[in-house]
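Since the structure comes first, as structure tokens, the remarks are kept for the end.
Numbering (the numbering used here), first residue to last: 1 to 238.
Quick look at the structure:
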């Protein structure tokens, strides 16, 4: 189910989640669902929970400024409280925790975490399948959801993992490890998507090296341009 599919704190929704878990067990399936979590110490998290996994919480690590947390809160102080935006000051998760669903190690990506390829690789090689849950209602009918979807496809290609994407307004889809769209639900329509995906192992080149080859080539190119400029000035000077 999508990001924040349960619009209340996890501890408030335990009875409902227990019912969902029982239904999933009867159907012989596993359910991953977006739900916010709060701790006694006051910390709150945007989370995905795997109902079949006792340790099944993944806390979003890369939060959206002003949407999920307020930068410089210590400086701005209580003046921000007048805005009264609920669930807008989450704590970032610290670990790239891999969930378990139906016996498969699953790497969860919440919303625009799917944009950051290098961070996705932190879930690998342990994760054999990727799941991206998102609330794309922010974007309305703009090109935002489509752009977000295409970025998620790139993560499937880079990691060599099939990817399941569940959103509240679209684009919900199943993508294979080559970026091919296996199934896709229409935007702004209630739908249940069924697709066959394969858990995969291994570490493709991007997982091993991340962005370093690109950064290295960029640095080399800039160095050559600088050297050419220096030589040109030297030649003009002589």
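The beta-carbon is built from N, C-alpha and C at its ideal position, and this holds for glycine as well. Just so you know, these numbers come straight off a predicted model, no measurement behind them.
- The beta-bridge partner set that DSSP reports for residue 44 consists of 38.
- By the Cβ rule, the stretch 87-101 does not count as touching the stretch 13-20, because fewer than three pairs are nearer than 8 Å.
- Across the structure, residue 223 and residue 51 are spaced so that their CA atoms are roughly 52 Å apart.
- DSSP places residue 107 within a strand segment (E or B) once states are collapsed to three.
- Residue environment for residue 148: buried (at least 16 other C-beta atoms within 10 angstroms of its C-beta).
- Shown here for residue 206: same chain residues with a beta carbon closer than 6 Å to its own, the five before and five after excluded, namely 158 in chain order.
- Residue 46 holds the alpha-carbon nearest to the alpha-carbon of residue 68 among 46, 119, 53.
- Taking a cut-off of 8 Å for Cβ pairs, the stretch 214-231 and the stretch 130-137 do not touch, as fewer than three such pairs fall below it.
- In the displayed model, residue 60 falls within coil according to three-state DSSP, outside both helix and strand.
- In this structure residue 125 is in contact with residue 202, their Cβ atoms being roughly 7 Å apart against a cut-off of 8 Å.
- Within the stretch 104-155, the complete alpha helix (DSSP H) segments at least 4 residues long are 117-120, listed from N- to C-terminus.
- By the neighbour-count criterion, in which a residue is buried when 16 or more other Cβ atoms sit within 10 angstroms of its Cβ, residue 99 is buried.
- In the three-state DSSP reduction, residue 180 falls in the coil class, being neither helix nor strand.
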